[in-house]
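Residue 85 in UniProt numbering sits at position 85 of the sequence shown, with consecutive numbering throughout. Glycine is no exception: its CB is placed at the ideal position from the N, C-alpha and C atoms. Quantities reported herein were computed from a predicted structural model and do not represent experimental measurements. In what follows, a structure is listed as structure tokens, so that the remarks can point back to it.
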Amino acid sequence: MNFDYYYEKHHKIIHYLLKKYRINYNYDEYYQQLLIKFWELLQHYHPQKANSLPQYLFTRLNFHLIDLFRKQSTLSNHNESISQALMHGIHTTNMQSVETSLSYIQFSQQLNPREREVLRLKLAGYTHKEIAHMLGCSVSSIKYYKQAIKKKYLQFLQSQEV
């Protein structure tokens, strides 16, 4: 398949979808994501299975764009929840919560930035696979970071007992 040929013929589908959903902010990022999906769809297209290429591209790209919106919404909700929890923990008058917040801050200072980010995402409820995708590393790296965090946490607990 010649990508340039199909791109010239069908690239307006991507622009149409972005206009349809009134994407002005991050237009280039969404365009790039849809262009990558466009290329993937061309690789997997079978004329026997789909009615027409334009219809196939439009439907699949439309659903992919909706998935991107949902993913963005989920990330925003998670970040907002974490921010609210941290702000609540800092502003609470409950002494135990303040001590817990201080312990968490002391512990997190012992972690390197990558471990701190892995811990934050893990506490937010993300899976190893999702964290690996967000940080651009492998699942085994995330497991390694998790083990390192656990080891440092056990050392931290032992130092607190003394």
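For residue i, which of helix, strand or coil comes out of DSSP?
i: N112; result: coil
i: I23; result: coil
i: Q72; result: helix
i: D67; result: helix
i: T127; result: coil
i: H15; result: helix
i: N62; result: helix
So the alpha helix (DSSP H) residue i belongs to, where does it begin and stop?
i: H44; result: 27-44
i: S52; result: Counting along the chain, S52 falls outside any alpha helix (DSSP H), and DSSP gives it neither H nor E.
i: S140; result: 139-161
Tell me which same chain residues have a C-beta within less than 8 angstroms of the C-beta of residue i, skipping the five on either side of it?
i: L68; result: Y30, Q33
i: Y56; result: L41, Y45, A50
i: H64; result: Q33, L34, K37
i: K129; result: V139
i: I131; result: V118, L121, K122, I142
Quick one: what's got a C-beta closer than 7 angstroms to residue i's C-beta in the same chain, skipping five residues either side?
i: Y6; result: L42
i: I14; result: Y31, L34, L35, F38, L61
i: R116; result: S108
i: K152; result: Q110, L111
Can the beta-carbon of residue i be found less than 8 angstroms from the beta-carbon of residue j?
i: L17; j: L61; result: yes
i: I149; j: L119; result: yes
i: P54; j: H10; result: yes
i: Y145; j: R114; result: yes
Beta-carbon within less than 6 angstroms of residue i's beta-carbon, same chain only, minus the 5 sequence neighbours each way: which residues are those?
i: H133; result: none
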